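Take a look at the structure:
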């Protein structure tokens, strides 16, 4: 659940660490992504498309799990920011 700018566990470095722990080619990792941070925390406030970028970076993993469902389909689901995020995520999933 880390962003790219996290000072302790930046996303790409942490993803690489987990990949190294698992070895290749199995087991395939399913990476948890923190959609609940959209618009509320650190770089997730200032940048649109972080979750979509993370999905693209996980293309060689076994999949992704986005937490939480309500982040995209809750009471704020019609907010312009959430609509933009859902479009970016949809496009990223289409490319996987």
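Numbering (our numbering), first residue to last: 66 to 161. A virtual CB, placed ideally from N, CA and C, is assigned to each residue, including glycine. On a predicted model such as this, the values are computed, not experimentally measured, just so you know.
Taking C-alpha positions only, residue 128 is separated from residue 96 by approximately 6 Å. Counted as a single uninterrupted DSSP element, the stretch harbouring residue 94 is not any alpha helix (DSSP H), since DSSP gives it neither H nor E.
Here residue 68 is buried: its Cβ has 16 or more other Cβ atoms, across all protein chains shown, within 10 Å. For residue 131, DSSP records a beta bridge to 98. Shown here, residue 105 sits in coil according to DSSP, grouped into three states, outside any helix or strand.
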